[in-house]
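Input: a single structure, listed below in structure tokens.
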Amino acid sequence: MIKLLEIFNTLTAPIGFFLTIYTFRVAFITRGKLEEAQEVSLFHQENDYYLGQMEAIKALIDNIDDRQSAIPEKIFVQLYKLMSKFESNFPYLTKHNKLIAEPLNKYKEIKNEREVKYADFVDIFNDLESMFSNRKDLK
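Just so we're aligned, residue 1373 is where the sequence shown starts under the working numbering, counting upward by one.
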């Protein structure tokens, strides 16, 4: 009888080990999905605030006549504050959601430049603005 129990234990121990690993993996993935769902819900609630701020910045950008000139520092600082607040409020989305992370990475590439030209700034700004508008694809 003891021999039979040893054989049974030898056969089932690896199954239990892999089942434990699988359980931890599923729990980790579920935790990530839960964080994402919470942030998406909060994002939908705060979307109008960010969109309003982006519209205000866009109105200032549209007043620039010379397309080769540098973006005024106050506009860039305002956008920097807004994106910093966004990143701190939605850390999971800014790192793991491709639709949000790509425009933010483009912005991070130019945020430390001393002078940013209008032509370079507008494309990145439009990508950032599109994060907040038409969010039906973010679920």
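Ideal placement from N, C-alpha and C gives every residue a C-beta, glycine not left out.
Quick caveat: nothing in here was measured; it's all calculated off a predicted structure.
Using the three-state DSSP reduction, which class does residue i fall into: helix, strand or coil?
{"i": "Lys-1446", "result": "helix"}
{"i": "Glu-1483", "result": "Just to set this straight, residue 1483 is Lys in the shown sequence, not Glu. Looking at Lys-1483 - three-state DSSP - the assignment turns out to be coil, as it is neither helix nor strand."}
{"i": "Met-1373", "result": "coil"}
{"i": "Ser-1505", "result": "coil"}
{"i": "Asn-1477", "result": "helix"}
{"i": "Phe-1462", "result": "coil"}
{"i": "Ile-1433", "result": "helix"}
{"i": "Asn-1469", "result": "coil"}
Buried or exposed, going by whether 16 or more other CB atoms sit within 10 Å of the CB of residue i?
{"i": "Ile-1379", "result": "exposed"}
{"i": "Pro-1475", "result": "buried"}
{"i": "Gln-1496", "result": "The amino acid occupying residue 1496 in the given sequence is Ile; Gln does not appear at that position. Burial call: buried."}
{"i": "Met-1503", "result": "buried"}
{"i": "Ile-1472", "result": "buried"}
{"i": "Tyr-1422", "result": "buried"}
{"i": "Glu-1411", "result": "buried"}
{"i": "Phe-1462", "result": "buried"}
{"i": "Leu-1383", "result": "exposed"}
Identify, in the order they occur along the chain, each residue of the same chain with its Cβ nearer than 7 Å to the Cβ of residue i, setting aside the five sequence neighbours on each side.
{"i": "Ile-1429", "result": "Ile-1447, Gln-1450 and Leu-1451"}
I'd like to confirm the pairing. Which residues does DSSP put opposite residue i in its beta bridges?
{"i": "Lys-1489", "result": "Ala-1442"}
Could you tell me the alpha carbon to alpha carbon distance between residue i and residue j, rounded to whole angstroms?
{"i": "Ile-1443", "j": "Phe-1396", "result": "49 Å"}
{"i": "Arg-1486", "j": "Phe-1415", "result": "31 Å"}
{"i": "Thr-1466", "j": "Met-1455", "result": "10 Å"}
{"i": "Lys-1483", "j": "Lys-1453", "result": "11 Å"}
{"i": "Leu-1377", "j": "Phe-1389", "result": "18 Å"}
{"i": "Gln-1440", "j": "Lys-1457", "result": "29 Å"}
{"i": "Glu-1459", "j": "Lys-1480", "result": "11 Å"}
{"i": "Asn-1381", "j": "Asp-1420", "result": "59 Å"}
{"i": "Gln-1425", "j": "Val-1494", "result": "16 Å"}
{"i": "Tyr-1490", "j": "Ser-1505", "result": "22 Å"}
{"i": "Thr-1392", "j": "Leu-1432", "result": "56 Å"}
Using a Cβ-Cβ cutoff of less than 8 Å, which residues in the same chain neighbour residue i once the five nearest sequence positions on both sides are dropped?
{"i": "His-1468", "result": "Gly-1404 and Glu-1408"}
CB-CB under 6 Å to residue i, same chain, minus the five flanking residues each way: which ones, in chain order?
{"i": "Ala-1385", "result": "none"}
{"i": "Glu-1418", "result": "none"}
Below 7 Å, is the gap between the Cβ of residue i and the nearest heavy atom of the ligand ZN?
{"i": "Glu-1427", "result": "Annotation note on the ligand ZN: not contained in the displayed structure, which lists no ligands."}
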